[in-house]
Amino acid sequence: FMMSIVDSYPGGPRTSMRLIRYTHPNPAVVPQQAVAWRPAVDVIDADKEYVLEVDLPGVDPKSVQVELEQGLLQIKGEREASHGEQAAYTMRERRAGKFERSFRVPDAVDADGITAKYDKGVLEIRVPKVERSRKIPIQ
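In my numbering, the protein residues as written are 122 to 260.
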């Protein structure tokens, strides 16, 4: 199975990995200014499920949305700036603002069985796999 990632972030395409194919978003669909930062995500291809682990430190889980629509798993949310955007920062490395990650999932998943859990700044999404094909006996 291949799980494609359609990132909504400024910049170009990322390198390919064994299980994940990154593609650059269509700017007409997702304007670059709509996304302020891009959380890190690990995708694990386990025997019976895909597991996505999304780093969301400092993000209120109530501001995070996970949706599956037409084979596209979307994670959206926002991290508020701890001292406001107008603060006089001497150094600022932590990003704040809206984020979005999108993952094209295979047809062979159980959409009703998808679960999401937020614990200690990590959002874990489990996407169960289903048998893609089956043998049909001839009578």
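We put the CB at the ideal spot given by N, CA and C, even for glycine.
In terms of alpha-carbon separation, which member of ASP231, ASP176, ALA167 and VAL172 lies closest to GLN191?
Your numbering for residue 191 matches position 70 in the sequence shown. Looking at the Cα atoms, ASP231 is the closest of the given residues.
Would you decide whether GLU221 is buried or exposed? Buried here means 16 or more other CB atoms lie within 10 Å of its CB.
For the purposes of this step, residue 221 is taken as the residue at position 100 of the sequence shown. Classification for GLU221: buried.
Go through its chain and collect everything with a Cβ distance to ILE259's Cβ below 8 Å, but skip five positions before and after it.
By one-based count along the sequence shown, residue 259 stands at place 138. Here the set comprises nothing.
Give me, in chain order, the residues of the same chain whose beta-carbon lies closer than 8 Å to that of ALA229; leave out the 5 immediate sequence neighbours on both sides.
Start at 1 with the first residue of the sequence shown, and residue 229 comes out as number 108. Correct list, in chain order: PHE122, LYS250, VAL251, GLU252 and ARG253.
By alpha-carbon positions, which one of VAL172, LYS219, MET212 and ILE257 ends up nearest to GLU199?
The sequence position of residue 199 within the sequence shown is 78, counting from 1. The candidate whose alpha carbon is nearest that of GLU199 is LYS219.
Exposed or buried, TYR210, counting other C-beta atoms within 10 Å across all chains shown (16 or more means buried)?
What you label residue 210 is simply residue 89 of the sequence shown in a count that begins at 1. Per the 10 Å Cβ criterion, exposed.
Per DSSP, GLY198 forms a beta bridge with which residues?
What you label residue 198 is simply residue 77 of the sequence shown in a count that begins at 1. For GLY198, which the question treats as bridged, DSSP gives the partners PHE220.
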